[in-house]
Amino acid sequence: MSEAALAFDHVACLRGGRLLFEGIGFALGPGEAALAIGPNGAGKSSLLRIAAGLLDPAAGTVTRTGAVALSDEQLALDPRLPLADALGFWSRIDRRTPDDVMTALDVMGIAHLAPVPVRMLSTGQRRRASLARVIAAGVPIWLLDEPGNGMDADALDRLGMVIGVHRRSGGIVLAATHQPLILERPLTITLGAR
73 MSEAALAFDH VACLRGGRLL FEGIGFALGP GEAALAIGPN GAGKSSLLRI AAGLLDPAAG
133 TVTRTGAVAL SDEQLALDPR LPLADALGFW SRIDRRTPDD VMTALDVMGI AHLAPVPVRM
193 LSTGQRRRAS LARVIAAGVP IWLLDEPGNG MDADALDRLG MVIGVHRRSG GIVLAATHQP
253 LILERPLTIT LGAR
């Protein structure tokens with residue numbers, strides 16, 4: 073994996089005319105992770121959208137070296153398609169192979185669901201599918217919004233394992249969460265409601 077980097081320098085976020093946060097600064101390099109924590113409405117999801125380049129900061133700068141994959145509340149998978157085909161759409165865009173998709177499904181413990189239409193998946197299975205999409209993308213920067221929501225203990229163990237493998241290969245993880253997420257030596261970014 074190439075030398076990945078993600079840095080915020082005095083970043084502020086306005087949403088709907090409301091200041092969610094300001095002065096946020098951190099830098100993540102290969103193998104590093106950060107957890108954004110805080111109450112609902114504090115701006116955790118907005119922080120990830122800024123990191124992904126989907127939302128412009130109200131102030132400050134964001135620098136990224138390396139491609140980004142985002143897993144958030146938007147599943148971004150065609151509900152009519154079988155899971156493998158829905159993930160295959162994204163893998164073609166990312167110039168990945170069907171084998172990459174099947175490996176990601178296997179890693180998340182849902183390879184047996186490859187022929188099942190996305191609309192038939194449970195909440196936890198949808199979350200695993202979203203994470204499989206991130207894994208299959210093969211990019212260095214993972215942005216994970218509430219990655220453990222709806223997951224059982226097995227899925228949470230798999231998530232921790234796959235994050236560890238990604239970091240050991242030089243990847244970066246920025247996760248926003250309400251729940252405990254076991255990460256080795258993460259930077260903590262605390263956001264407070266305004």
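Quick note: the sequence shown uses our numbering, first residue 73, plus one each step.
Idealized CB from N, CA, C, for every residue including glycine.
(message) Suppose you measure from the CA of residue 193 to the CA of residue 254; what does that come to, to the nearest Å?
(response) 26 Å
(message) Pairs of beta-carbons, one from the region 112-124 and one from the region 206-218, closer than 8 Å: are there three or more?
(response) yes
(message) Quick check on residue 224: does DSSP put it in helix, strand or coil?
(response) coil
(request) Note the first and the last residue of the continuous beta strand (DSSP E) segment covering residue 143. (result) 140-143
(message) Excluding the 5 residues flanking residue 262 on each side, which residues of the same chain have their C-beta closer than 7 Å to its C-beta?
(response) 109 and 110
(request) Would you mind stating whether residue 117 and residue 248 have Cβ atoms separated by less than 8 Å? (result) yes
(request) Ignoring anything shorter than 4 residues or poking outside the region 196-266, list the alpha helix (DSSP H) runs there in chain order. (result) 225-240
(request) Pick out the complete alpha helix (DSSP H) segments inside the region 88-142, 4 residues or longer, and give them in chain order. (result) 116-124
(request) Name, in chain order, the residues that DSSP records as bridge partners for residue 80. (result) 98 and 134
(request) Pull up the distance between the alpha-carbon of residue 197 and that of residue 220, whole angstroms please. (result) 11 Å
(request) Rank 184, 206 and 81 by C-alpha distance to the C-alpha of residue 267 and give the top, closest one. (result) The question about residue 267 has no answer here: the residues shown for the chain are numbered 73 through 266.
(request) Take residue 227 as the anchor and find which of 244, 97, 204 and 169 has the nearest alpha-carbon. (result) 204
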